[in-house]
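Residue 36 in our numbering is what sits at position 32 of the sequence shown, and the numbering runs on without skipping anything.
Just so you know, even glycine gets a beta-carbon here, dropped at the ideal spot from N, CA and C.
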Amino acid sequence: MSDDIRAKVQSLLPALRKDLEDLVRIESVSADPERAGEVQRSAEAVADLFRAEGFASVDIVSADGGAPAVIAHKPGPEGAPTVLLYAHHDVQPENDHAEWDSPPFEPTERDGRLYARGAADDKAGIAAHLGALRVYGDDLPVSVTMFIEGEEEVGSESLPALLKEHHEALRADVIVIADSGNWDIGEPA
């Protein structure tokens, strides 16, 4: 990584962290029907982030009664390939609050790490994609399509219907998936 890019990334980290903290405060637990409004609010917050980045089109979509997903597109130079960036904005249930060292939906830093439900899986994926986009600014060498799913944590039941219904919008030459498992068994990502 060049020194210029490294410096740019460092300068962007405070804003990216704020965006991540704002996202993890939203209780987008897709497994809880009583929090469907929070899942919708999460999709809207994600869509707003892409609008602020100058995406030409930003849509909140769903299929087969599934949770809302966000599809956004930012064109690059004429004839440039399209990169699809995937992440998801829904999270696992927090379960017993007594098992948490801090409130599950209030981002808390301990030992240089940010803790909250969704801080890693997978709202950090959204922040990582945003960071990469912000490094390039309006000088993207490719077209970018964002696909931020809203029901990955419950098995993505409506994903096949979403893909079928929006296949043209999701057409890409390369796909980058920002979702991962734990570093090690027993150690949160």
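> Which runs of the beta strand (DSSP E) fall wholly inside the segment 81–114 and span at least 3 residues, in chain order?
Replying inline: Contiguous beta strand (DSSP E) elements confined to the segment 81–114 occur at 86–92 and 112–114, taking only those with 3 or more residues.
> Closest by CA to Leu89, which one among Leu134, Asp63 and Gly154?
Replying inline: Out of Leu134, Asp63 and Gly154, the CA that lies nearest to the CA of Leu89 is found in Leu134.
>> So, for Ser147: in the same chain, excluding its five sequence neighbours on each side, which residues have a beta-carbon less than 6 Å away from its beta-carbon?
In response: Close CB contacts of Ser147 within its chain, under the 6 Å cut and outside five residues either way in sequence, are with Pro79, Gly80, Ala84 and Thr86 (chain order).
> Along the chain, which unbroken stretches of the beta strand (DSSP E) at least 3 residues long are found entirely within the segment 138–184?
Replying inline: Within the segment 138–184, the complete beta strand (DSSP E) runs of at least 3 residues are 147–153 and 178–181.
>> Are the CB atoms of His92 and Ile152 within a distance shorter than 8 Å?
In response: In contact: Ile152 and His92 (Cβ atoms closer than 8 Å).
> Which whole-angstrom value describes the C-beta separation of Leu163 and Leu174, a residue pair presumed to lie in contact below a C-beta threshold of 8 Å?
Replying inline: The pair is not a contact, with the Cβ atoms about 11 Å apart (cut-off 8 Å).
> Taking buried to mean at least 16 other C-beta atoms within 10 Å of its own C-beta, is Arg121 buried or exposed?
Replying inline: Burial is judged here by how many other beta carbons sit within 10 angstroms of a residue's own beta carbon; Arg121 has at least 16 and is buried.
>> Pop quiz: Arg138 and Leu16 are said to be a contact at Cβ under 8 Å. What is the actual Cβ separation, rounded to whole angstroms?
In response: Yes, Arg138 and Leu16 are in contact; Cβ-Cβ is about 5 Å, under 8 Å.
> So is Ala102 buried or exposed if we call it buried at 16+ other beta carbons inside 10 Å?
Replying inline: Ala102 is exposed by the Cβ-count criterion.
> Expressed to the nearest angstrom, what Euclidean distance is found between the alpha-carbon atoms of Glu156 and Thr112?
Replying inline: The alpha-carbon atoms of Glu156 and Thr112 are separated by roughly 24 Å.
>> Quick check on the burial criterion: 16 or more other C-beta atoms within 10 angstroms. Buried or exposed for His171?
In response: Counting Cβ neighbours within 10 Å, His171 comes out exposed, since fewer than 16 surround it.
>> Applying the 10 Å Cβ sphere with the 16-neighbour rule, what's the burial state of Ile214?
In response: With the chain covering 5 to 193 only, the question about residue 214 has no answer from this structure.
>> Mapping the DSSP letters down to three states, classify Ala124 as helix, strand or coil.
In response: Looking at Ala124 - three-state DSSP - the assignment turns out to be coil, as it is neither helix nor strand.
>> Comparing C-alpha positions only, which one of Gln44, Ile75 and Lys127 sits nearest to Arg55?
In response: Among Gln44, Ile75 and Lys127, the Cα nearest to that of Arg55 belongs to Ile75.
> With which residues is Ile64 paired in a DSSP beta bridge?
Replying inline: According to DSSP, Ile64 bridges with Val74.
>> Restricting to Cα atoms, I'd like to know which of Gly58, Asp183, Pro97 and Thr149 is closest to Ala176.
In response: Comparing Cα-Cα distances from Ala176 to each of Gly58, Asp183, Pro97 and Thr149, the minimum goes to Thr149.
> Using the beta-carbon count (16 or more within 10 Å), is Gly154 buried or exposed?
Replying inline: By the neighbour-count rule (16 or more Cβ atoms within 10 Å), Gly154 is buried.
>> So, under 8 Å CB-CB, Glu42 and Ile30 are touching, yes? Tell me the CB distance rounded to an integer number of Å.
In response: 6 Å between Cβ atoms; contact.
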